[in-house]
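As structure tokens, the structure follows; a few thoughts come after it.
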Amino acid sequence: MELIPDINPSHRKDLIRGLGKHTHCRAPVKMLPTFVRATPDGREKGDFLALDLGGTNFRVLHVRVVEEMQKLLKMDSKICAIPQEIMLGTGEQVFAHSWNSLNLTWVAFPTVLKEFPHMLSTCWLLFLL
């Protein structure tokens with residue numbers, strides 16, 4: 001949070017409360033935290049997926065990094081719109097739609113179907129009451 005010094009102090013408090021285990025249920029801004037277990041160190045190679053669930057779209061990004069100097073070999077992405085009725089629906093509906101969208105994008109990334117050793121999942125969910 002220190003990287004965003006220009007954020008309104010009261011909004012910042014709401015974000016922190018939304019992430020808190022004991023304050024989440026009473027927070028005006030609901031957030032689903034994602035946990036990063038490790039950060040890149042520059043030696044990564046292979047196929048990676050990044051998943052981004054936003055307010056109106058679910059985006060799937062496929063990145064292939066080759067060993068030589070971590071050169072990016074290929075990058076593809078697919079964007080799946082989230083219909084209004086799902087945006088306003090339950091969390092189960094949002095995740096089911098995201099899962100179905102992810103399954104549909106596998107066809108677009110045939111090399112990933114063969115072998116997928118790595119996965120980076122970044123998912124920020126922000127629900128406003």
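The numbering used here puts the sequence shown at residues 1 to 129. Virtual Cβ for every residue (Gly too), placed ideally from N, Cα, C. None of these values were measured; they are calculated from a predicted model.
In the three-state DSSP reduction, GLY46 falls in the strand class (E or B). For ARG17, the enclosing alpha helix (DSSP H) covers residues 9-19.
DSSP places LEU32 in the uninterrupted beta strand (DSSP E) bounded by 29-32. For ARG64, the beta-bridge partners assigned by DSSP are ASP47, LYS74. Per DSSP, the continuous alpha helix (DSSP H) segment holding VAL94 begins and ends at 91-105. Rounded to the nearest angstrom, the Cβ distance from LYS30 to HIS24 is 7 Å, consistent with a contact under 8 Å. Between ILE86 and ASN57, the C-beta spacing is not below 8 Å.
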